[in-house]
Amino acid sequence: MKKIIKILIILLIPIGFVYNCTSLRTITGSQNRKVLKAFKEAYPDENFYFIYGLDYKIDLSTNIRYRGIIYSDRLAALNYPGGLEVAFSDSINVYGEIYGYEKIFKKLEMDEPIKEKIRELFGEKTTFKNNISFSNNGFESWKKYKGENLEDEEKFEAWNTLVNVFVNDVDKIDDEEYKRKTYNLAEFMYKEMNIKTALFVYVRNDSFFNNYEFVEESLFKPFKNKEEVKNILAKIKDNKKLTEEEKITLIHNFYSEIPYKEKIKIIKIYFKSEEKLLEYENQKNIIIDIVKLDEKDKIIAVERKEN
222 MKKIIKILII LLIPIGFVYN CTSLRTITGS QNRKVLKAFK EAYPDENFYF IYGLDYKIDL
282 STNIRYRGII YSDRLAALNY PGGLEVAFSD SINVYGEIYG YEKIFKKLEM DEPIKEKIRE
342 LFGEKTTFKN NISFSNNGFE SWKKYKGENL EDEEKFEAWN TLVNVFVNDV DKIDDEEYKR
402 KTYNLAEFMY KEMNIKTALF VYVRNDSFFN NYEFVEESLF KPFKNKEEVK NILAKIKDNK
462 KLTEEEKITL IHNFYSEIPY KEKIKIIKIY FKSEEKLLEY ENQKNIIIDI VKLDEKDKII
522 AVERKEN
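Be aware that the sequence shown starts at 222, since it is given in the working numbering, and climbs by one per residue.
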């Protein structure tokens, strides 16, 4: 009898597992449709879809149960590498996420002049992320006064601004030239864009693009299946040399933050909170840190250069 019971238990376990997986897919599928329906009602002329999730996970440290990334044809037209990350409790409330979607386009409007300045200073092989938050009223105020160089206390303050620049050899760049360029970017953000921030410019070796693992890890996951991206990845795997255009194509599909991998020069300027942006000759807090990874992939400082 005991043997029969054991056999029944063994048979029932996979059946229960399949049932739970099927039920979970049904639940998340239903919630996906609910979320997309709400977005469609808010923006009837747009097409929305999930590029990740919704995934359901019980975590006792939070009431969040569903996580996913929503994308749209409007974002795809801009080749936006991020989508809208959404998170919901069991009672799904989409209103805040809908506000977050429109905020993406306001953020892109704020970012575009800075991107243009970065390309002007450092070239096309660059990425950029400005970590800043604002309300609707704050954004309208920023638009109104953009280019007017407001008083310091009236400017917006970002948490930080991250720029990646790819060069042939970080050891051969003119440090003074790159410090000056970094300062020029800081001055543009401060005086023209009315943004205070901690600015980090990561100068990286162009050999980054020869390493399949480095590149693959830096790509925005849903973009890895693009035909043009797959073709370039295949070239890297076959140890073929990439053209400059192919490197720029990859950069346009990178996630905004690129992990430390090789030797990097980091040029820093703080002009927020108590730190002020002064004339270049008086700006004593421009720092160059040279860092690399040790054999355990731990970041270690090689050298620091201060003004």
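Glycine included, C-beta positions come from ideal geometry on N, C-alpha and C.
Computed from a predicted model, the values in this text were never measured in an experiment.
Asked: Have a look at N426 and R525 and give me their C-alpha separation to the nearest angstrom.; Found: 18 angstroms
Asked: Run through DSSP, which three-state label would L463 get?; Found: coil
Asked: For L245 and K402, I'd like the C-alpha separation in whole angstroms.; Found: Note on L245: pLDDT 37, under 50, position unreliable in the model; the coordinate value appears next. In a straight line, the C-alpha of L245 is about 53 angstroms away from that of K402.
Asked: Could you tell me whether the Cβ atoms of E467 and I488 are closer together than 7 angstroms?; Found: no
Asked: What are the boundary residues of the beta strand (DSSP E) that includes L305?; Found: L305 to F309
Asked: Once the 5 residues before and after K324 are set aside, which same chain residues still bring their CB inside 7 angstroms of it?; Found: none
Asked: Report the rounded CA-to-CA distance for E262 versus E495, giving the unit in angstroms.; Found: 45 angstroms
Asked: Rounded to a whole number of angstroms, what is the C-alpha to C-alpha distance between K412 and G303?; Found: 29 angstroms
Asked: Taking DSSP's pairing of strands, which residues face F377 in a bridge?; Found: I416
Asked: What whole-angstrom Cβ distance do L342 and L296 have, given they're in contact under 8 angstroms?; Found: The pair is not a contact, with the Cβ atoms about 27 angstroms apart (cut-off 8 angstroms).
Asked: Taking 6 angstroms as the cut-off, is the C-beta of S251 nearer than that to any heavy atom in the ligand GDP?; Found: The ligand GDP is absent from the structure shown, which contains no ligands of any kind.
Asked: Going by C-alpha distance, which of N431, K445 and V391 is nearest K461?; Found: N431
Asked: Taking only the alpha-carbon atoms, compute the straight-line gap between E500 and D373 and give it to the nearest angstrom.; Found: 15 angstroms
Asked: Quick one: what's got a C-beta closer than 6 angstroms to L275's C-beta in the same chain, skipping five residues either side?; Found: T249, Q252, N253, Y287 and G289
Asked: Per DSSP, which one or two residues make a beta bridge with I479?; Found: I479 is not bridged to any residue.
Asked: G321 and L299 - do their beta-carbons sit closer together than 7 angstroms?; Found: no
Asked: Keeping to the same chain, check which residues put their C-beta closer than 7 angstroms to that of D390; ignore five residues upstream and five downstream.; Found: N426
Asked: In this structure, does DSSP put G321 in helix, strand or coil?; Found: helix
Asked: List the endpoints of the continuous beta strand (DSSP E) containing Y292.; Found: Y287 to S293
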